[in-house]
Amino acid sequence: MAGLTLDAGALIAYERADSRAREILAAAFARGVVPTIPSVAIAEVWRGDAQDARVARLLKACAVEPLDERRARGAGALRRSVEGAGTIDACIALGVRHRGDALATSDPEHMRRLLGPGATILTV
Numbered sequence: 377m378a379g380l381t382l383d384a385g386a387l388i389a390y391e392r393a394d395s396r397a398r399e400i401l402a403a404a405f406a407r408g409v410v411p412t413i414p415s416v417a418i419a420e421v422w423r424g425d426a427q428d429a430r431v432a433r434l435l436k437a438c439a440v441e442p443l444d445e446r447r448a449r450g451a452g453a454l455r456r457s458v459e460g461a462g463t464i465d466a467c468i469a470l471g472v473r474h475r476g477d478a479l480a481t482s483d484p485e486h487m488r489r490l491l492g493p494g495a496t497i498l499t500v
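In terms of the numbering used here, the sequence shown opens at residue 377 and continues consecutively.
Okay, structure coming up:
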């Protein structure tokens, strides 16, 4: 696997101390992989209170992927190409495709539609 991206479902699982989410992250860090967290995933889970502490600590060890105009346009095109796809999921999938990352997610079937059959999806 080239890298690892976490979507909002994976962040929520990590926040809840899910053992699978912790295993996936520990394996990535052990290989020297710096996980990517798309900024749109942060926006989806962030509450702005003390409950964000675990995610805030994780963010310090990860790369946060911004959403610029070029990526926003690409995600919009991807979203339109997959019936029923959401905007945030399309933004995340676009980055995963670009980097060739594995994706940690709680919704593998939904993300597979955006990523395609060859994608590496790790379920939390």
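No residue lacks a Cβ here, since even glycine has one placed at the ideal position from N, Cα and C.
Do three or more CB pairs link the region 383-402 to the region 414-434 at distances below 8 Å? yes
For V410, which residues from the same chain have a beta carbon less than 7 Å from its beta carbon, with the 5 sequence-adjacent residues on both sides left out? Within the sequence shown, residue 410 is the residue found at index 34, counting from 1. Excluding residues within five positions, the ones whose Cβ falls inside 7 Å are C438 and A439.
What does V440 pair with, by DSSP beta-bridge criteria? Within the sequence shown, the letter at position 64 stands for residue 440. I413.
Thinking just about the alpha-carbon of each residue, which of L479, L443, P414 and A417 is nearest to the one in I400? On the sequence shown, residue 400 is found 24 positions in, with the first residue counted as 1. Closest by alpha carbon: L479.
Is it true that the CB of I468 sits closer than 9 Å to the CB of A397? For the purposes of this step, residue 397 is taken as residue 21 along the sequence shown, with counting starting at 1. For the purposes of this step, residue 468 is taken as residue 92 along the sequence shown, with counting starting at 1. No, these two residues do not count as a Cβ contact at 9 Å.
Suppose you measure from the CA of R488 to the CA of A451; what does that come to, to the nearest Å? In the sequence shown, residue 488 corresponds to position 112, counting from 1. In the sequence shown, residue 451 corresponds to position 75, counting from 1. The alpha-carbon atoms of R488 and A451 are separated by roughly 15 Å.
Once you ignore the five residues that flank D383 on each side, which residues in its own chain have a CB closer than 6 Å to its CB? Locating residue 383 in the sequence shown gives position 7, counting from the first residue. A417, I468 and T481, listed in sequence order.
Only counting the same chain, and skipping five residues up and downstream in sequence, which positions put a Cβ closer than 7 Å to that of D465? Against the sequence shown, residue 465 aligns to sequence position 89. Around D465: H486, M487 and L490.
If you measure between the beta carbons of A402 and L380, is that distance less than 9 Å? Position 26 of the sequence shown, counted from the start, is the residue given in the question as residue 402. Position 4 of the sequence shown, counted from the start, is the residue given in the question as residue 380. Cβ distance not < 9 Å, so A402 and L380 don't count as in contact.
By the three-class DSSP mapping on this structure, what secondary structure does V381 have? Here residue 381 refers to the residue found at position 5 when the sequence shown is read from its first residue. For clarity, residue 381 is Thr in the given sequence; the question names Val instead. Three-state result, T381: strand.
Take the Cβ of G471 as the centre, count every other Cβ of all protein chains shown within 10 Å, and call the residue buried at 16 or more, exposed below. Translated into positions along the sequence shown, residue 471 becomes position 95. Buried is the call here.
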